[in-house]
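Novice: Below are the structure tokens for one structure; questions will follow.
Numbering (the numbering used here), first residue to last: 57 to 297.
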């Protein structure tokens, strides 16, 4: 059995959201998903309100999730670490190493605000994620609306780290009114490596961090397709999700 995983500085167990099986969160893999609470961004359209604010009431102890994963390790191929922002967790390195010891792959979802922590994970084969998904939300001028104290240069640094990464990674952008538009795509295209999959997803109102966003209409299909085609025109691997 695995050793218990807990934050060294706290006697309280880490509590997380957990999905035993997902066909959607890890490309071409059947995976379990661990949702960490807490985030250093405050994107008003975020649909994980309870996780971001630490208000979710249907959480499990991380140790319990790991025990379930261990028992089902022959039924899934990997584990997705998402949130919230997983890199805020002090136990992330130990957790990835323990999942790898089970013979499972690890996918990490991140907002790119903590490049030093990302680099530390990647440098060690035991803690290196097998797949990374990095969120690109908008251009540099509008990132300040979403984060407190994390400059856009941190996200750029994370992209540079991943550009040298020997495993798979993707970039994800939610098409949000007022944040992801043609000027933003043109600015971001200069940063995204040419062969990196860049997925565009429609904003979906409902349970948004800022309740006022629940009344905002999502973009239509033609608009999203136009942004995907713009990314392709700029030499990037734009894709629809």
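We put the CB at the ideal spot given by N, CA and C, even for glycine.
Does the Cβ of residue 270 have 16 or more other Cβ atoms within 10 Å, making it buried, or fewer, making it exposed?
Specialist: On the chain shown, residue 270 is found 214 positions in, with the first residue counted as 1. The residue in question, residue 270, is exposed, as its Cβ has fewer than 16 Cβ neighbours within 10 Å.
Novice: Per DSSP, which one or two residues make a beta bridge with residue 134?
Specialist: The sequence position of residue 134 within the chain shown is 78, counting from 1. Paired residues: 87, 161.
Novice: Specify the secondary structure class of residue 142 as computed by DSSP and reduced to three states.
Specialist: Here the question's residue 142 lines up with position 86 in the chain shown. In the structure shown, residue 142 sits in a helix (DSSP, three-state: H, G or I).
Novice: Using 8 Å for Cβ pairs, my map puts residue 137 next to residue 164. What's the rounded Cβ distance?
Specialist: For the purposes of this step, residue 137 is taken as residue 81 along the chain shown, with counting starting at 1. For the purposes of this step, residue 164 is taken as residue 108 along the chain shown, with counting starting at 1. Indeed they touch by this definition, with Cβ atoms about 5 Å apart.
Novice: Among 126, 184, 275, which one has its Cα closest to the Cα of residue 153?
Specialist: Here residue 153 corresponds to residue number 97 of the chain shown, with the count starting at 1. The residue with the shortest Cα to Cα distance from residue 153 is 184.
Novice: Taking C-beta to C-beta, are residue 238 and residue 286 nearer than 8 Å?
Specialist: Looking up residue 238 in the chain shown gives position 182. Looking up residue 286 in the chain shown gives position 230. Yes; because the gap between Cβ atoms is below 8 Å, this pair is in contact.
Novice: In the structure shown, what three-state DSSP assignment does residue 254 receive?
Specialist: Within the chain shown, the letter at position 198 stands for residue 254. Three-state DSSP puts residue 254 in a strand.
Novice: Would residue 159 pass as a contact of residue 129 if the rule is Cβ separation under 8 Å?
Specialist: For this step, residue 159 is matched to residue 103 along the chain shown. For this step, residue 129 is matched to residue 73 along the chain shown. In contact: residue 159 and residue 129 (Cβ atoms closer than 8 Å).
Novice: What residue does the alpha helix (DSSP H) around residue 199 start on, and which one ends it?
Specialist: By 1-based counting over the chain shown, the position of residue 199 is 143. Per DSSP, residue 199 belongs to the alpha helix (DSSP H) from 196-199.
Novice: With a CB to CB cut of under 7 Å and the five nearest residues on each side skipped, what residues in its chain are close to residue 206?
Specialist: Residue numbering aside, residue 206 sits at position 150 when the chain shown is read from its first letter. Closer than 7 Å at Cβ, skipping near neighbours: 96, 169.
Novice: Could you give the C-beta distance for residue 259 and residue 297, rounded to a whole number, given that I count them as a contact under 8 Å?
Specialist: Locating residue 259 in the chain shown gives position 203, counting from the first residue. Locating residue 297 in the chain shown gives position 241, counting from the first residue. Wrong, their Cβ atoms sit about 13 Å apart, outside the cutoff.
Novice: Taking the beta carbon of residue 353 as the centre, do at least 16 other beta carbons fall within 10 Å, making it buried, or is it exposed?
Specialist: Residue 353 is absent from the structure shown; the chain starts at 57 and stops at 297.
Novice: What first and last residue would you give for the beta strand (DSSP E) that runs through residue 76?
Specialist: The residue given as residue 76 occupies position 20 in the chain shown. First-last of the beta strand (DSSP E) with residue 76: 71-78.
Novice: Tell me which residues share the same chain as residue 235 and place their Cβ nearer than 7 Å to its Cβ, disregarding the 5 neighbours each side in the sequence.
Specialist: As a working note, residue 235 is residue 179 in the chain shown. Result list for residue 235: 193, 194, 198, in chain order.
Novice: Residue 92 and residue 142 - do their beta-carbons sit closer together than 8 Å?
Specialist: The sequence position of residue 142 within the chain shown is 86, counting from 1. The sequence position of residue 92 within the chain shown is 36, counting from 1. Cβ atoms of residue 142 and residue 92: closer than 8 Å.
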